[in-house]
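Asks: Numbering (full-length UniProt numbering), first residue to last: 1 to 268. Even for Gly, the Cβ is constructed at its ideal location relative to N, Cα and C. Please find one structure pasted underneath; my questions will follow.
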């Protein structure tokens, strides 16, 4: 009931042209503030710095959409699974490799997020460790397909075997700017990124999302799949009933986009 009151009040502002986005109800709107704090606790970014990926030069291109280029697999609904929080991170990282394979082989394959959960040395209490995922993928020369090693909605012993796809090196680029997301999306394809979940994020339905978030924290992982001069397009993993068929358009302005520019996971 409290969420519905928040949604109704916000949407009055939307109707008056005082907000650029509309709220739910969504598949997530039954969450209380306590539920949200428990499921998406804020994690402080560490201060480790990483090298920038090469060849991220300025471009005159003002937009790109990797969904339209058929380089993005369908939206998952990990909310219903009761699986560990790391699943969203594993899914987003697998998505990065899927797009790379599509660009290389002209074929869109669904790669195994289960392999990252089982074999990538992560813990269910976290959101998925980018560093450990990248080490695993580099060491094992990619991931097997989901058909080969299906998603089972829980962690299990690592038994992944078979043909692998997505042999790459990885790079993390924390604490940069929104323009770095643009450059990485143009040069490298979709990228996984962290975001701080808020009540408005949970209830997002449509429009260009803007919110005020405490700097330096994150609680969830999403996939950046495109941008225009006004917004960055994000793929979430809460099913197609959340947001714009599972996607969000979020403001390009760093003061409004809940820290999505602070840690990127891109391929080189």
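Would you kindly check if the distance between the Cβ of residue 96 and the Cβ of residue 184 is under 7 Å?
Replies: For the purposes of this step, residue 184 is taken as residue 184 along the chain shown, with counting starting at 1. For the purposes of this step, residue 96 is taken as residue 96 along the chain shown, with counting starting at 1. No; because the gap between Cβ atoms is not below 7 Å, this pair is not in contact.
Asks: If you pair each beta-carbon of the stretch 130-147 with each one of the stretch 106-113, do three or more pairs fall below 8 Å?
Replies: In short, these stretches touch, since the Cβ pair count reaches three.
Asks: Counting C-beta neighbours from all protein chains within 10 Å, is the total for residue 75 16 or more, i.e. buried, or is it exposed?
Replies: The count along the chain shown starts at 1 and reaches residue 75 at position 75. With 16 or more other Cβ atoms within 10 Å, it is buried.
Asks: Taking the beta strand (DSSP E) that residue 205 falls in, what are its first and last residues?
Replies: Locating residue 205 in the chain shown gives position 205, counting from the first residue. Here the beta strand (DSSP E) through residue 205 covers 204-209.
Asks: Who are the near neighbours of residue 11 in its chain, counting only those whose CB is closer than 7 Å to its CB and skipping five residues on each side?
Replies: The count along the chain shown starts at 1 and reaches residue 11 at position 11. Correct list, in chain order: 22, 23.
Asks: Check this for me: beta carbons of residue 195 and residue 222, under 7 Å apart or not?
Replies: For the purposes of this step, residue 195 is taken as residue 195 along the chain shown, with counting starting at 1. For the purposes of this step, residue 222 is taken as residue 222 along the chain shown, with counting starting at 1. Yes, the pair counts as a contact, with Cβ atoms nearer than the cut-off.
Asks: Closest by CA to residue 246, which one among 26, 13, 156?
Replies: Against the chain shown, residue 246 aligns to sequence position 246. When each option's Cα is compared against that of residue 246, the closest is 26.
Asks: Could you tell me whether the stretch 90-107 touches the stretch 241-257, where touching means 3 or more Cβ pairs closer than 8 Å?
Replies: No, they do not touch.
Asks: If the criterion is Cβ atoms closer than 7 Å, does the pair residue 199 and residue 244 meet it?
Replies: Along the chain shown, one-based indexing puts residue 199 at 199. Along the chain shown, one-based indexing puts residue 244 at 244. Contact flag unset, no.
Asks: So what's residue 253 in DSSP terms, helix, strand or just coil?
Replies: Translated into the one-based positions of the chain shown, residue 253 becomes position 253. Three-state result, residue 253: coil.
Asks: In chain order, what are the residue ranges of uninterrupted beta strand (DSSP E) at least 3 long that sit wholly in the stretch 140-179?
Replies: If we require 3 residues or more, the beta strand (DSSP E) runs fully inside the stretch 140-179 come out as 170-172.
Asks: Is it right to say residue 263 is buried, meaning 16 or more other beta carbons lie within 10 angstroms of its own, or is it exposed?
Replies: Position 263 of the chain shown, counted from the first residue, corresponds to residue 263. Buried is the call here.
Asks: Measure the C-alpha to C-alpha separation of residue 89 and residue 6 and round it to an integer number of angstroms.
Replies: As a first step, residue 89 is located in the chain shown; it is residue number 89 there, counting from the start. As a first step, residue 6 is located in the chain shown; it is residue number 6 there, counting from the start. About 29 Å.
Asks: Helix, strand or coil, according to DSSP, for residue 194 in the structure here?
Replies: The residue labelled residue 194 in the question sits at position 194 within the chain shown. Three-state result, residue 194: strand.
Asks: So, helix, strand or coil for residue 261, using DSSP?
Replies: Start at 1 with the first residue of the chain shown, and residue 261 comes out as number 261. Correct three-state label for residue 261: coil.
Asks: Please report the straight-line C-alpha distance between residue 85 and residue 237, rounded to a whole angstrom.
Replies: Taking the chain shown and counting its residues from 1, one reaches residue 85 at position 85. Taking the chain shown and counting its residues from 1, one reaches residue 237 at position 237. In a straight line, the C-alpha of residue 85 is about 11 Å away from that of residue 237.
Asks: According to DSSP, what are the bridge partners of residue 222?
Replies: Working through the chain shown from its first residue, we reach residue 222 at position 222. Answer by DSSP bridge pairing, in chain order: 193.
Asks: Give the C-beta separation of residue 211 and residue 158 to the nearest angstrom, bearing in mind that I take them to be a contact with Cβ-Cβ under 8 Å.
Replies: Position 211 of the chain shown, counted from the first residue, corresponds to residue 211. Position 158 of the chain shown, counted from the first residue, corresponds to residue 158. With a Cβ gap of about 38 Å, residue 211 and residue 158 do not count as contacting.
Asks: Put residue 267 into one of helix, strand or coil per three-state DSSP.
Replies: Position 267 of the chain shown, counted from the start, is the residue given in the question as residue 267. Strand at residue 267.
Asks: Helix, strand or coil for residue 111 per DSSP?
Replies: For the purposes of this step, residue 111 is taken as residue 111 along the chain shown, with counting starting at 1. Three-state result, residue 111: strand.
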